[in-house]
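One structure is given below, encoded as structure tokens.
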Amino acid sequence: MRQTVTLGGIFQISSELERTLKPIVEEPRKAGHTKSASSIRWALASLSLSMLMPSLDTSIANVGLPTLARTFGASFQQVQWIVLAYLLAITTLIVSVGKLGDIFGRRRLLLIGISLFTLASLFCGIAPTLWLLLAARAFQGLGAAMMMALAIAMVGETVPKERTGSAMGLLGTMSAIGTTLGPSLGGILIASFGWETIFLVNVPLGIANFLLAACFLPADRRHRKVSQGRLDMIGTLLLALTLAAYALAMTIGHGSFGALNMGLLLATASGIALFAFTETKVKSPLLHLSMFHDRKLSTGLAMSTLVSTVIMATLVVGPFYLSRSLGFDAAHVGAIMSSGPLVSALTGVPAGRIVDRFGAQRVTTTGLAGMIVGLFLIVMLQGRFGAAGYIGPLVIVTANYALFQASNNTTIMKDINAEQRGVISGMLSLSRNLGLITGAAVMGAIFTFASGAADITAAHPEAVASGMQTTFAVAALLIVGTLAIALAGSAYAKRAPLSEEAL
């Protein structure tokens, strides 16, 4: 039954993708664009695969952890590093690889990233020991960072500016599809062919993606101002170590905050200060700190982090509430939880079209307002209408999240200088990852504290329900703050032209 629903969802998503590709690729012909519609279509297919594959591998490995623990005779804590090694590599390096793309060519580095991801997937599938598998996963994460950062960065070189929203919606849809399909596809592959295939499935996809990218992505255009610069190795190392310290501080301890976590947070603060100081001294910094004076960029990154923090609450709190308070078994919990990513996958493409039609700023505020409504409904409908009382508000939250993501990504990426697309795309992806990491720790801590139980797995159903209500109320207030940031940014954008005219 669940496979039927999944296949139906896939066919529905496929039809949506077909409908959205048509206006994106036909627009250049109306405007006299030199690129053919077919070349843009295949280029978008490559960028879509470059978002799908890393997202798929973020979730597909989770379902294989019990099998991998038995295969390698390892503890659960040890095999968890199969997931952490991949996520840490992406989080710590995604800004740096975006900058590398700006310096050496985004198409060239994307091809390298696809090749590295594909080869690392092959080595993951044939790894004879856990430690070699972990090393291969780290290299796979490096390739994934290149693919994710540069796929978004290359949208501006692939489609006309007025179709940016539709393209961003498409990439958001592919990311959601990867996340949605990961657990179910991983389970089928492991049951049918063994754990190796959850990694080896990337090899044919990677080869196809490489050929599409090599044949249809636009050639790199050299930007003298950037191409003559060097990679800031000191800044790159400092940023990677700082981000690694923060990510580990948020994940080590599984909800308990001890001396090691505090030490890592202090190391993070020191790393941020040292990185900022270093970037003011080097000739070609990894990040020009002056770019944060751009309100559109700084508010967009801040909102992305806050919204991702809130979205993580649905993934952290939802399973415990559904199982402990509503009494659903694991199969039903999984089916209910999959409704969120499925809605994101189905609404990402239409969200991009809405952005192109009504404007990014208007859609951003609409999406945030809709998320607030959905979050408060989760709080108010607690214990009512069974699964429907949770699924309905969750659909509202995730559909409006798709609106926000498409519009915010478009706002940040649409009008930036071409020579900065790679590094800013990396910062955008980093802001989302940091939000997810922070949300897992902070929202989990709020949930545990509000439930009044030291061990949430043994908490009373009423305590879990109370903890859920408190957590989602806090989440709603965070989005209220995010909406205030969006409205303030919109008001500033309207005042700025008037100030210039007065001068």
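Each residue of the sequence shown is one higher than the one before, starting from 1 at the first, in my numbering.
Beta carbons: idealized from backbone N, C-alpha and C, even for Gly.
Query: Between the CA atoms of T71 and S425 - distance to the nearest angstrom; Result: 38 Å
Query: Closest by C-alpha distance to P341, when choosing among C215, P461 and A402; Result: A402
Query: Under the three-state DSSP convention, the category V95 falls into; Result: helix
Query: Contact check, L375 vs A476, beta carbons under 8 Å; Result: yes
Query: Local conformation of M154 per DSSP, three classes; Result: coil
Query: Closest Cα partner of V397 within the set N409, G370, G386 and F385; Result: G370
Query: Where E279 falls: helix, strand or coil (DSSP); Result: helix
Query: Collapsed DSSP secondary structure at R230 in the structure displayed; Result: coil
Query: Same chain only: Cβ atoms within 6 Å of Q228, ignoring 5 sequence neighbours per side; Result: Bear in mind that a pLDDT of 47 at Q228, under 50, signals an unreliable position, so the model cannot answer this.
Query: Simplified DSSP state of N417, which is helix, strand or coil; Result: coil
Query: For I446, the three-state DSSP class (helix, strand or coil); Result: helix
Query: Closest residue to V316 among L326, A445 and M303 (Cα-Cα distance); Result: A445
Query: G386 in three-state terms, based on DSSP; Result: coil
Query: From G73, V63, F117 and A484, residue whose alpha carbon lies closest to that of I89; Result: Note that residue 89 corresponds to Ala in the displayed sequence, not to Ile. Of the listed residues, the one whose Cα sits closest to A89 is F117.
Query: N409 and L394 closer than 8 Å at C-beta; Result: no
Query: Status (buried if at least 16 other CB within 10 Å, exposed otherwise) for D356; Result: buried
Query: Coil, strand or helix - Q80 by DSSP; Result: coil
Query: Other residues of its chain near I372: CB distance less than 8 Å, five sequence neighbours each side excluded; Result: A476, I479, V480 and L483
Query: Helix, strand or coil at A127 according to DSSP, with G and I counted as helix; Result: coil
Query: Length of the line joining the Cα atoms of L322 and K99; Result: 43 Å
Query: Supposed close pair I207, M413 - CB separation, criterion 8 Å; Result: About 28 Å; that fails the 8 Å criterion.
Query: Residues near T309 by beta carbon distance below 6 Å, same chain, minus five either side; Result: G435, T438 and G439
Query: Bounding residues of the alpha helix (DSSP H) (the contiguous stretch that carries G327); Result: Note, G327: premise wrong, no alpha helix (DSSP H); not H, not E.
Query: Close beta carbons around L264, own chain, < 6 Å, minus the five adjacent residues each side; Result: A245, L248 and A249
Query: A486 versus L47, L301, M312 and F472, residue with shortest Cα-Cα distance; Result: L301
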